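Data first, discussion second: the structure below is written as structure tokens.
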Amino acid sequence: MYVLSAAVGSSIGIYLLSIASRRLGEAGIRKLVGDSRYEMLVKRIGNRSGLAVALAGLAPPPFPFTAVIAAVSALDYSLWKILAINFLARGARFTILAILALKYGRHILRVAQSAPFQWSMFAFILVCLGASCFSVMHWLRKPQRRPAATHSGD
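Here is the structure:
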């Protein structure tokens, strides 16, 4: 039941993303994901949009799932094919995860509840918070660059 509900939820999200991507068009998607990433996606996807949707649905994060779906949608690939392929790919991925959770879940929970793991996660969170604060401070101190004014030689 969980696998089915997760696959349906993913397909609903893909439906909404596809509708928005089709309205944005190529120019909007380029602006959203960047020219270089869009060009790379279009080059790699080509006439293999179905395969791209399937691989994106199977791949774990940080694979650019949203960018692939947006690009395929902007290229006017069939919405129904996107939904069907995504549903099957996500269903397969979530089934594999469910099987792994059933087989190894208790062992993973035992490790996660151990004191060394909890302390290491606490330390990791502190490191992440510190790095985030450093990044924000660096960003706030960095002077804003303004584009140079161009003179047309009036």
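Heads up: the sequence shown is residues 0 to 153, going by numbering that gives the first Met the number 0.
Where a beta carbon is used, it is the ideal one built from N, C-alpha and C, also for glycine.
Since we're looking at a predicted model, the values are computed, not measured.
Would you decide whether residue i is buried or exposed? Buried here means 16 or more other CB atoms lie within 10 Å of its CB.
{"i": "Y37", "result": "buried"}
{"i": "G45", "result": "exposed"}
{"i": "A130", "result": "exposed"}
{"i": "L50", "result": "exposed"}
{"i": "F64", "result": "buried"}
{"i": "V32", "result": "buried"}
{"i": "S134", "result": "exposed"}
{"i": "V52", "result": "buried"}
{"i": "L234", "result": "The structure shown does not extend to residue 234, since the chain is modelled only from 0 through 153, so no value can be given for it."}
{"i": "S35", "result": "exposed"}
Throw me the rounded Cβ distance for the residue i and residue j pair, which I believe falls under 8 Å.
{"i": "A19", "j": "R89", "result": "Their Cβ separation, rounded to whole angstroms, is 19 Å, which puts A19 and R89 out of contact at 8 Å."}
{"i": "N154", "j": "G56", "result": "The requested residue 154 does not occur in the structure, where the chain is confined to residues 0 to 153."}
{"i": "A73", "j": "R140", "result": "Contact doesn't hold; Cβ gap of about 38 Å is too wide."}
{"i": "A97", "j": "Y1", "result": "7 Å"}
Legend entry - Contact between the segment 91-101 and the segment 62-71 (3+ Cβ pairs under 8 Å): no
Inset, instruction - Could you name each continuous beta strand (DSSP E) segment of 3 residues or more that falls completely within the segment 81-148, going from the start of the chain to the end? - result: none
Legend entry - Stretch-stretch touch, CB-based, cutoff 8 Å, three pairs: the segment 110-123 with the segment 79-86: no
Legend entry - Entirely enclosed alpha helix (DSSP H) segments - the segment 27-70, minimum 4 residues: 34-44, 48-57
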